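In this note's numbering, the protein residues as written are 26 to 480. The C-beta atom is built at its ideal place from N, Cα and C for all residues, glycine as well. This structure is a prediction, so every number in the text was calculated from the model and none was measured. Report on the structure given below.
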Ligand code: 5AD
Ligand code: SF4
């Protein structure tokens with residue numbers, strides 16, 4: 026049974042779990058990673074400290090995703106393994122949150138009754154109260170239908186100089202492959218003043234780069250009336266651009282059908298906005314785009330790229346592409362390859378279509394493709410894009426580029442790595458501090474990174 030607690034806001038509370046440990050595992054996309062920063066922030070505000078081993082932690086939290094992967098198997102597998110630990114240490118707490126929890130609701134507790142707390146995508150800010158409840162009364166599932174407002178929680182950032190800022194949650198579109206509208210609900214925008222205040226606070230805390238997050242940032246503010254006029258994404262970009270101390274602004278994701286000139290102009294006129302844009306294509310076939318409910322044709326998509334490039338010289342573009350949408354023919358796939366050739370994306374995230382229960386495309390069972398057909402197309406697409414990515418990166422050899430340093434490379438302690446404004450990964454020999462800027466002369470290009478030395 027889904028039990029609902031009365032919504033309650035606790036702005037401050039005395040930490041009650043000082044020194045107890047938590048292990049947090051995140052599945053899925055950037056939105057989820059950011060949500061996990063919020064969960065970690067709340068747990069640490071309650072006095073908890075992170076632990077790497079789930080078997081000895083006082084609390085294990087899984088923040089789940091159901092957008093692409095078959096997260097069910099992974100989650101229930103991990104929960105099965107944790108059962109043994111819980112049998113030995115019944116006082117440990119297990120919490121499951123996120124998209125899959127929102128979708129599966131009571132099923133999680135039915136399949137894994139040893140889970141203490143199940144929470145969804147709309148109430149992560151209540152995680153500590155839910156743990157309190159579970160400790161006192163026993164297992165609880167709390168799934169809310171929708172958010173009242175965008176929850177803003179003090180995030181624990183993994184990187185000190187770079188932060189994600191949620192500007193809106195949810196999505197009002199109905200792409201037929203996508204589960205987001207059903208698990209994250211309709212669009213709710215944060216007020217621009219609140220966003221700007223958060224960015225200012227981050228800047229005061231040493232952050233120099235922010236990425237504005239939303240499922241469809243171009244419709245930011247449609248739900249807000251501010252003094253008789255709508256808040257617009259272009260205005261928000263300019264206002265964030267005015268915040269002292271923020272040197273780089275990125276955002277993800279725009280929707281090609283809603284991307285308009287005012288945003289391209291605001292990008293060009295706001296010096297901190299990076300020359301980088303992620304524009305999800307999904308397919309190059311007009312027939313498949315219509316079946317996906319995307320609201321644009323390949324030609325209009327390419328026109329949007331032209332518009333963006335016209336205003337932002339040197340713009341780097343990335344995209345998302347789904348291979349094997351139900352009914353995709355060889356001819357449809359060829360259109361995707363054609364658009365990829367013409368668009369010359371710097372990089373692409375390529376996904377194999379995966380039916381998400383409850384979405385319109387998942388009903389098109391008769392048109393599902395054979396896995397080997399999809400695999401073959403997937404390989405051809407990634408090979409094509411890898412070659413294009415390499416060619417675009419090779420054009421940078423010999424140039425000196427500003428890099429924001431992430432820190433020492435994970436694989437080689439003598440190397441640093443960082444990102445260009447165009448979001449390309451650069452490796453170079455140095456011991457430069459994370460969060461500082463370096464000018465790096467590029468001498469080698471690979472499809473997914475560049476190598477250089479301090480200029
Ligand atoms: N199958 C495959 N890829 C998907 N995506 C979203 N839903 C699915 C699905 N059912 C991809 C889209 C989207 C990205 C975030 O994930 O390309 O842009
Ligand atoms: Fe999903 Fe489409 Fe909304 Fe993106 S725009 S979150 S793909 S429904």
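Annotated as distal: residue 153 and residue 120, with beta-carbon spacing of 8 Å or more. If one requires a minimum length of 4 residues, the alpha helix (DSSP H) runs lying completely within the stretch 190-259 are 205-209, 217-229, in chain order. Taking the C-beta atoms as reference points, residue 82 is found nearer than 8 Å to residue 46. Annotation for residue 427: no alpha helix (DSSP H) segment contains it, though the beta strand (DSSP E) segment containing it runs 425-433. Relative to the ligand 5AD, residue 347 has its C-beta within less than 7 Å of a heavy atom. For residue 417, the three-state secondary structure derived from DSSP is helix.
Around the beta carbon of residue 235, 16 or more other beta carbons sit within 10 angstroms, so the residue counts as buried. Residue 150 places its beta carbon less than 8 Å from that of residue 67. Under the 10 Å beta carbon count, residue 420 is surrounded by fewer than 16 other beta carbons and is classified as exposed. The C-beta of residue 179 has fewer than 16 other C-beta atoms within 10 Å across all chains shown, which makes the residue exposed. For residue 56, the enclosing alpha helix (DSSP H) stretches over residues 55-70.
The ligand SF4 never approaches residue 152 closely enough for any of its heavy atoms to be under 7 Å from the residue's Cβ.
Within the chosen limit of 7 Å, the ligand 5AD reaches the beta carbon of residue 203 through at least one heavy atom. The three-state reading of DSSP puts residue 336 in helix, counting H, G and I together. Three or more beta-carbon pairs drawn from the stretch 312-332 and the stretch 267-286 are found closer than 8 Å, and the two stretches are therefore classed as touching. Of all alpha-carbon atoms in 239, 169, 161, 186, the one lying nearest the alpha-carbon of residue 192 is that of 239. In this structure, DSSP gives residue 326 a helical state, which the three-state scheme calls helix. Of all C-beta pairs linking the stretch 70-77 to the stretch 99-116, fewer than three are shorter than 8 Å, placing the two stretches out of contact. As the crow flies, the alpha-carbon of residue 401 is around 23 Å from that of residue 201. Scanning its chain for C-beta atoms nearer than 6 Å, with the 5 sequence neighbours on each side dropped, one finds around residue 263 the residues 291, 295, in chain order.
DSSP places residue 389 in no beta strand (DSSP E); its state is neither H nor E.
Residue 279 has its CB no nearer than 7 Å to any heavy atom of the ligand SF4. Going by DSSP, residue 288 is part of the alpha helix (DSSP H) stretching over 286-294. Residue 124 carries a helical assignment under DSSP once its states are collapsed to helix, strand and coil. In the three-state reduction of the DSSP assignment, residue 275 falls in the strand class, which pools E and B. In terms of Cα proximity to residue 106, the closest of 398, 78, 224 is 78. A check of alpha carbon separations from residue 165 across 190, 229, 137 identifies 137 as the nearest. A distance criterion of 7 Å places the beta-carbon of residue 378 in contact range of the ligand 5AD, judged by its closest non-hydrogen atom.
Shown here for residue 471: same chain residues with a beta carbon closer than 8 Å to its own, the five before and five after excluded, namely 415, 418 in chain order.
The ligand 5AD never approaches residue 313 closely enough for any of its heavy atoms to be under 7 Å from the residue's Cβ. The residues 59, 236, 238, in chain order, have a CB closer than 6 Å to that of residue 189 in the same chain once the five nearest residues on each side in sequence are set aside. Remark: the C-beta of residue 91 is outside contact range of the ligand SF4, defined as less than 7 Å to any heavy atom. Exclusion of the five residues before and after residue 252 leaves no residue of its chain whose Cβ lies closer than 6 Å to its Cβ. Remark: the shortest separation between the CB of residue 124 and any heavy atom of the ligand SF4 does not fall under 7 Å. Taking non-hydrogen atoms of the ligand SF4 into account, the C-beta of residue 240 is found less than 7 Å away from one of them.
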